[in-house]
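A.B. asks:
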Amino acid sequence: MDADAANQYLRELREEYCLAPKATQSRPLEEAVKRTGLARKVTIRKLNHPVTLVRRPRANSGESTAAVRQVGQAPRQLPAPPTRLN
393 MDADAANQYL
403 RELREEYCLA
413 PKATQSRPLE
423 EAVKRTGLAR
433 KVTIRKLNHP
443 VTLVRRPRAN
453 SGESTAAVRQ
463 VGQAPRQLPA
473 PPTRLN
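Going left to right, the sequence shown walks through residues 393 to 478 as the numbering used here numbers them.
In structure tokens, the structure reads:
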């Protein structure tokens with residue numbers, strides 16, 4: 393089972409695991425460990441604390457993005473290399 397399939401399976405199992413009393417949580421946990429091949433502690437962590445992707449808001453406005461694009465497309469003029477006097 394690849395990582396995406398394992399995470400999808402754990403997402404589906406999470407509700408059953410969290411709603412079960414502590415005494416009966418071992419059955420779905422053992423099943424998840426067997427199916428995913430993950431360590432028991434890793435499986436518990438993924439079931440209790442789902443990973444959420446936190447994205448930062450964009451810092452640039454539309455005007456600044458357009459200005460950066462313009463600068464990036466401008467032809468580059470490099471200065472002449474210095475001459476050596478010997």
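Glycine is no exception: its CB is placed at the ideal position from the N, C-alpha and C atoms.
Bear in mind the structure is a predicted one, so any value in this text is a computation, not a measurement.
Mapping DSSP to helix, strand and coil, what is V443?
C.D. replies: Residue mapping note: residue 443 aligns to position 51 of the sequence shown, counting from 1. It is coil, neither helix nor strand.
A.B. asks: Would you kindly report the start and end of the unbroken alpha helix (DSSP H) that includes T428?
C.D. replies: Working through the sequence shown from its first residue, we reach residue 428 at position 36. In the DSSP annotation of this structure, the continuous segment of the alpha helix (DSSP H) that includes T428 starts and ends at 418-428.
A.B. asks: Does DSSP classify D394 as helix, strand or coil?
C.D. replies: Position 2 of the sequence shown, counting from 1, holds the residue named residue 394. D394 falls in the coil class under three-state DSSP.
A.B. asks: Under a Cβ-count criterion, where at least 16 other Cβ atoms within 10 Å of its own Cβ denotes burial, should K433 be classed as buried or exposed?
C.D. replies: Mapped onto the sequence shown, residue 433 falls at position 41. K433 is exposed by the Cβ-count criterion.
A.B. asks: Can you look up L402 in the DSSP assignment and give me helix, strand or coil?
C.D. replies: On the sequence shown, residue 402 is found 10 positions in, with the first residue counted as 1. Correct three-state label for L402: helix.
A.B. asks: Short of 7 Å in beta carbon distance, which residues of its chain neighbour P420, apart from the five on each side in sequence? Order them along the chain.
C.D. replies: Position 28 of the sequence shown, counting from 1, holds the residue named residue 420. Cβ-Cβ distances below 7 Å link P420 to L405, E408, Y409, A412 in the same chain, with the five nearest sequence neighbours on each side left out; the list follows chain order.
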